[in-house]
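A short write-up of the structure that comes next.
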Amino acid sequence: MPIQMTYRNYLLWKSLFDPVLEAYDMLNLAEGREQCPPQFLTSEEENKQGCSDENPAYISWIKRDMFEAN
Numbered sequence: 447m448p449i450q451m452t453y454r455n456y457l458l459w460k461s462l463f464d465p466v467l468e469a470y471d472m473l474n475l476a477e478g479r480e481q482c483p484p485q486f487l488t489s490e491e492e493n494k495q496g497c498s499d500e501n502p503a504y505i506s507w508i509k510r511d512m513f514e515a516n
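Quick note on this note's numbering: the sequence shown kicks off at 447 and runs consecutively.
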């Protein structure tokens, strides 16, 4: 049976979920303290050629964000 989070049960909810989010390195993401990195790595050379590589940090961030959303 789902229980709606209220001001009365928020601290209990937080005490249960903070350790889980911390263990999966997702607490900063959940609290909005971690910004999404740029999607593409660019350098002066790549800018001249008009191409760039996808940022591995962006891919990792998106995966973590999608996991948290589920």
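Just so you know, even glycine gets a beta-carbon here, dropped at the ideal spot from N, CA and C.
7 Å Cβ shell around residue i - same chain, five flanking residues per side excluded
i      : result
Leu475 : Arg510, Asp511, Glu514
Asp464 : Leu473
Pro484 : Asn501, Tyr504
Residue of the options minimising C-alpha distance to residue i
i      : options                        : result
Leu487 : Ala503, Leu473, Arg479, Gln481 : Ala503
Glu477 : Leu467, Pro484, Gln485         : Leu467
Cys482 : Ile508, Leu462, Ile449, Ser489 : Ile508
Backbone secondary structure at residue i - three-state DSSP
i      : result
Glu499 : In the sequence under discussion, the amino acid at residue 499 is Asp, which differs from the Glu named in the question. Strand, per DSSP.
Arg454 : coil
Asp464 : helix
Met472 : coil
Whole-angstrom distance between residue j and residue i, CA atom to CA atom
i      : j      : result
Leu457 : Glu500 : 40 Å
Ser506 : Glu480 : 12 Å
Asp471 : Lys460 : 16 Å
Ile449 : Asn455 : 9 Å
Met451 : Ser489 : 46 Å
Those residues which DSSP pairs with residue i across a bridge
i      : result
Phe486 : Glu500
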